[in-house]
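Asker: Residue numbers (my numbering): 9 to 428. Glycine residues also receive a C-beta, built at the ideal position from the N, C-alpha and C atoms. Just dropping this structure here.
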């Protein structure tokens with residue numbers, strides 16, 4: 009059985025998810041895992057992220073995926089080590105996430121912490137006084153309560169994780185090709201009339217993979233197709249050959265451009281700086297031990313930047329992010345801006361949550377996309393979950409049924425409150 013994992017473009021979020029799925033599938037000798045990226049992994053959103061992992065989410069499924077990923081990373085060389093190759097070192101920096109809540113958001117933060125504790129997460133709530141005692145460099149004005157993770161949180165090198173996953177998958181027999189999926193051939197072509205209005209379901213028989221710098225395509229037959237195209241997962245399902253009547257509801261995933269800025273502050277918080285998420289939505293963390301920091305902020309819906317390229321709007325840091333962080337951390341009033349870059353969120357406009365599982369009407373299509381900024385943290389778990397669907401037809405490690413297409417069909421959002 010041939011399983012085609014379509015990443016389509018490593019600016020998606022995430023090639024990590026596709027590689028995680030490919031890592032799970034070749035353990036059966038009847039499985040051929042094919043990963044189809046278009047450009048270089050150096051442009052992947054996986055490696056253009058802030059590299060964080062946290063347990064502080066509001067939905068049990070997301071918390072469980074984070075706990076799975078934390079366990080995987082803690083024992084990473086057992087999972088990704090390759091004989092006669094150096095051990096895997098993702099340079100993990102343990103540090104809690106610190107979420108600050110204003111008075112109007114305090115109840116929501118406390119409710120999320122209650123769910124987290126029920127799931128076994130080690131997290132503490134801090135009053136403004138306790139917050140000031142632990143982090144004296146913070147201005148606690150307008151902070152009603154804060155939550156601080158005590159274990160299994162921090163940040164790491166995403167590039168090392170991605171390349172280690174790829175190296176391991178290749179060592180297990182995964183075949184990787186470079187190209188772009190632009191078209192499909194389905195069993196609907198066999199009906200009379202083709203793709204008629206009474207069509208209830210269909211199967212994908214082949215995909216058309218276009219080679220780089222070529223007008224030619226290679227038809228690839230497959231038993232199962234996995235759409236792990238991240239920010240372009242929705243657009244991929246609009247490709248030629250898929251019956252339009254079967255694509256309702258559409259997959260509500262689009263690219264959203266996000267900036268990350270770096271700066272140096274000699275008198276900043278130093279080693280005591282956690283991954284801080286301000287009441288305003290701005291975030292920052294230290295980068296190394298030499299007074300360097302990085303951070304960013306998601307804009308309001310009406311101010312979303314043009315996602316057609318990865319250019320950086322430096323005024324966004326000067327006018328939006330810096331004033332907010334300097335108000336929260338007065339030492340940041342004086343800093344020296346450094347490098348910056350942009351990457352993509354695979355934004356699920358329906359409820360900002362991942363969509364994982366089989367398509368309701370395309371019988372051999374599975375989807376794993378739409379994680380809205382937390383794909384680096386959840387890609388490993390989602391990859392395992394989809395691999396189990398491929399191999400065994402059911403979830404075993406984590407039950408992600410609620411993240412399936414059913415909620416899109418029913419119009420019932422499963423909202424995650426912890427999107428940064």
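State the CB to CB distance for the pair residue 374 and residue 234, rounded to an integer number of angstroms; the pair is presumed to be in contact (CB under 8 Å).
Answerer: At roughly 5 Å, the Cβ-Cβ gap stays under 8 Å, so residue 374 and residue 234 are in contact.
Asker: Going straight from the alpha carbon of residue 19 to that of residue 137, what length do you get?
Answerer: Low confidence applies here, because residue 19 scores a pLDDT of 33, under 50, leaving its location unreliable; read the following figure in that light. Their Cα atoms are separated by approximately 43 Å.
Asker: What are the boundary residues of the beta strand (DSSP E) that residue 235 is part of?
Answerer: Element bounds for residue 235: 232-235.
Asker: Evaluate contact between the region 337-351 and the region 360-374, counting only Cβ atoms and requiring at least three cross-stretch pairs below 8 Å.
Answerer: Taking 8 Å as the limit for Cβ pairs, the verdict is that the region 360-374 does not touch the region 337-351.
Asker: Can residue 120 and residue 426 be called in contact, C-beta distance under 8 Å?
Answerer: In this structure, residue 426 lies closer than 8 Å to residue 120 by Cβ.
Asker: Near residue 381, which residues of its chain fall below 7 Å by C-beta distance, leaving aside the five closest residues on each side in sequence?
Answerer: Only 353, 427 and 428 meet the Cβ criterion.
Asker: How close, in whole Å, do the beta carbons of residue 156 and residue 131 come, if the pair is a contact with beta carbons under 8 Å?
Answerer: 7 Å between Cβ atoms; contact.
Asker: Using the three-state DSSP reduction, which class does residue 36 fall into: helix, strand or coil?
Answerer: Any reading at residue 36 needs caution, since the residue's pLDDT is 44, under 50, leaving its predicted position unreliable; the model's value is listed next. Residue 36: coil per DSSP, three-state reduction.
Asker: Check whether the Cβ atoms of residue 287 and residue 108 sit closer than 8 Å, and answer yes or no.
Answerer: For residue 287 and residue 108, yes; Cβs fall inside 8 Å.
Asker: So what's residue 145 in DSSP terms, helix, strand or just coil?
Answerer: If DSSP states are grouped into helix, strand and coil, residue 145 belongs with coil.
Asker: On the three-state DSSP scale, how would you describe residue 263?
Answerer: The answer is strand: DSSP assigns residue 263 an E or B state.
Asker: May I ask you to list the residues that DSSP assigns as paired with residue 285?
Answerer: Bridge partners of residue 285: 107 and 291.
Asker: At what residue ranges does the region 131-188 contain a whole run of the alpha helix (DSSP H), taking only runs of 4 or more?
Answerer: As far as the region 131-188 is concerned, its whole alpha helix (DSSP H) runs of at least 4 residues are 136-142 and 166-179.
Asker: Which same chain residues end up closer than 8 Å to residue 403 when comparing Cβ atoms and leaving out the 5 residues on each side of it in sequence?
Answerer: Hits under 8 Å: 393, 396, 397 and 409.
Asker: So, for residue 37: in the same chain, excluding its five sequence neighbours on each side, which residues have a beta-carbon less than 8 Å away from its beta-carbon?
Answerer: Low per-residue confidence applies at residue 37: pLDDT is 39, beneath 50, and the placement is therefore not dependable, though the value from the model is reported in the following sentence. None.
Asker: If you follow the beta strand (DSSP E) that residue 347 is in, where does it begin and where does it stop?
Answerer: Here the beta strand (DSSP E) through residue 347 covers 344-356.
Asker: State the beta-bridge partners of residue 304 as determined by DSSP.
Answerer: In DSSP, residue 304 forms a bridge with 291.
Asker: Do you know whose CA, among 305, 278 and 307, lies nearest residue 3's CA?
Answerer: The shown model of the chain, from 9 to 428, leaves out residue 3, and the question about it has no answer.
Asker: Would you mind giving the Cβ-Cβ distance between residue 95 and residue 104, rounded to the nearest angstrom? I have them listed as a contact below 8 Å.
Answerer: Contact flag wrong, Cβ pair sits at about 26 Å.
Asker: Relative to the C-alpha of residue 255, which candidate in 421, 74, 99 and 366 has its C-alpha closest?
Answerer: Nearest C-alpha to residue 255: 366.
Asker: Please state the DSSP three-state secondary structure of residue 214.
Answerer: Residue 214 falls in the strand class under three-state DSSP.
Asker: Is it the case that the Cβ atoms of residue 237 and residue 263 are separated by a distance below 8 Å?
Answerer: Contact flag unset, no.
Asker: Assign residue 377 to one of two classes, buried (16 or more other C-beta atoms within 10 Å of its C-beta) or exposed (fewer than that).
Answerer: Per the 10 Å Cβ criterion, buried.
Asker: Identify, in the order they occur along the chain, each residue of the same chain with its Cβ nearer than 7 Å to the Cβ of residue 368, setting aside the five sequence neighbours on each side.
Answerer: Excluding sequence neighbours, residue 368 sits near 413 and 417.
Asker: Look at the alpha carbon of residue 207 and the alpha carbon of residue 252, and state the distance between them as a whole number of angstroms.
Answerer: Whole-angstrom Cα-Cα distance: 10 Å.
Asker: Shortest alpha-carbon distance to residue 170 belongs to which of 391, 139, 334 and 117?
Answerer: Per the Cα distances, 391.
Asker: If I measure Cβ to Cβ from residue 194 and keep anything under 8 Å in the same chain, skipping five residues before and after, which residues do I get?
Answerer: Around residue 194: 210, 211, 212, 213, 249, 250, 251 and 370.
Asker: Would you kindly report the start and end of the unbroken alpha helix (DSSP H) that includes residue 364?
Answerer: No alpha helix (DSSP H) holds residue 364; the beta strand (DSSP E) holding it covers 363-366.
Asker: State yes or no: is the C-beta of residue 164 within less than 8 Å of the C-beta of residue 303?
Answerer: No, the pair does not count as a contact, with Cβ atoms beyond the cut-off.
Asker: How would you write the range of the beta strand (DSSP E) that residue 384 sits in, first residue to last?
Answerer: No beta strand (DSSP E) holds residue 384; the alpha helix (DSSP H) holding it covers 383-400.
Asker: Just how far apart, CA to CA, sit residue 257 and residue 276?
Answerer: One C-alpha to the other measures close to 49 Å.
Asker: Look at residue 358 and residue 260 and say whether their C-beta atoms are less than 8 Å apart.
Answerer: Contact: yes.
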